[in-house]
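For reference, the structure discussed in these notes is given below.
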Amino acid sequence: MQEIEWFAKRQAPTFDKRKKPAIDGNIGSVLLLPLLGMGEEVTEEALRWLSSFPDIVMAPMEICRYTDDAISYEREMNAGQGPTTIVCYMMEHNLTKNEAAAKFESMANESWKKLNQACLRPTKVPAEVVNRLANFARASTPEYLLGFSHGSTIKELISMLFLNPFSI
Numbered sequence: 001m002q003e004i005e006w007f008a009k010r011q012a013p014t015f016d017k018r019k020k021p022a023i024d025g026n027i028g029s030v031l032l033l034p035l036l037g038m039g040e041e042v043t044e045e046a047l048r049w050l051s052s053f054p055d056i057v058m059a060p061m062e063i064c065r066y067t068d069d070a071i072s073y074e075r076e077m078n079a080g081q082g083p084t085t086i087v088c089y090m091m092e093h094n095l096t097k098n099e100a101a102a103k104f105e106s107m108a109n110e111s112w113k114k115l116n117q118a119c120l121r122p123t124k125v126p127a128e129v130v131n132r133l134a135n136f137a138r139a140s141t142p143e144y145l146l147g148f149s150h151g152s153t154i155k156e157l158i159s160m161l162f163l164n165p166f167s168i
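The opening residue of the sequence shown carries number 1 in full-length UniProt numbering; numbering runs sequentially from there.
Here it is in structure tokens:
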């Protein structure tokens, strides 16, 4: 709701204020999708621990958010979607789009380090749960880089895979 209010009032919040709802928007994707169908591994204790948002949860959300923002912000701005996270960062830190994109790449890299460290720490949940969350981030990054956030960019790839397969 906060993002709608900013858009309606044509406000550009600070990066930190804009970042929280942007990352929170990934909660369902990062927490629920990877855990679907896992069965007994996802215990009530595991869900309680995951809902405390440890690094194994936060890092994939940050990775997805920073990667998507760096790739899709121009299209979102051209579509009139209001100030994106990267635009708020550019304005707040007086950076060019290339400098801000480099910073977002750096923030994503820091989140990768945080994720890798979290995978090595003992947790209260089964390793399968931790692996699913880490694998979600690993699978999501190429999707964003290939144009997941905009269908027309990935159209050719889908056509090559399913409509015009090649023989070996």
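Every residue, glycine too, gets a C-beta built ideally from N, C-alpha and C. Owing to the predicted nature of the structure, the values given are computational and were not obtained by experimental measurement.
Which class does residue i belong to by DSSP, given the choice of helix, strand or coil?
i	result
F53	coil
E98	For the sequence presented, residue 98 should be read as Asn rather than Glu. If DSSP states are grouped into helix, strand and coil, N98 belongs with the helices.
T123	coil
V87	helix
T43	coil
N164	coil
M38	coil
For residue i and residue j, what's the separation of their Cα atoms in angstroms?
i	j	result
P60	P122	18 Å
E41	S140	23 Å
N87	N135	Residue identity differs from the one stated: residue 87 is Val in this sequence, not Asn. Cα to Cα, the separation comes out at about 29 Å.
A127	S106	28 Å
E92	P83	12 Å
E44	V130	15 Å
A46	T96	42 Å
K103	D69	11 Å
I164	L35	The sequence given here has Asn at residue 164, not Ile. So the two alpha carbons sit approximately 33 Å from each other.
R48	L120	20 Å
E74	N98	12 Å
K155	N94	35 Å
Answer with buried or exposed for residue i, where buried requires no fewer than 16 other C-beta atoms within 10 angstroms of its C-beta.
i	result
S72	buried
R65	buried
A100	buried
T85	buried
M90	buried
L161	exposed
I158	exposed
So the candidates are the options; which of them puts its Cα closest to the Cα of residue i?
i	options	result
G37	R132, I56, N109 and L163	R132
D55	Q117, V125 and V129	Q117
W112	V125, A137, V129 and L35	A137
S51	I158, F162, K124 and R75	K124
E110	L35, T67 and K97	T67
I63	L115, L120, W49 and K155	L115
A108	M58, K155 and N78	M58
Is residue i close to the ligand SAH? I mean its beta-carbon at under 7 Å from any heavy atom of the ligand.
i	result
P83	This structure simply doesn't include the ligand SAH, nor any ligand for that matter.
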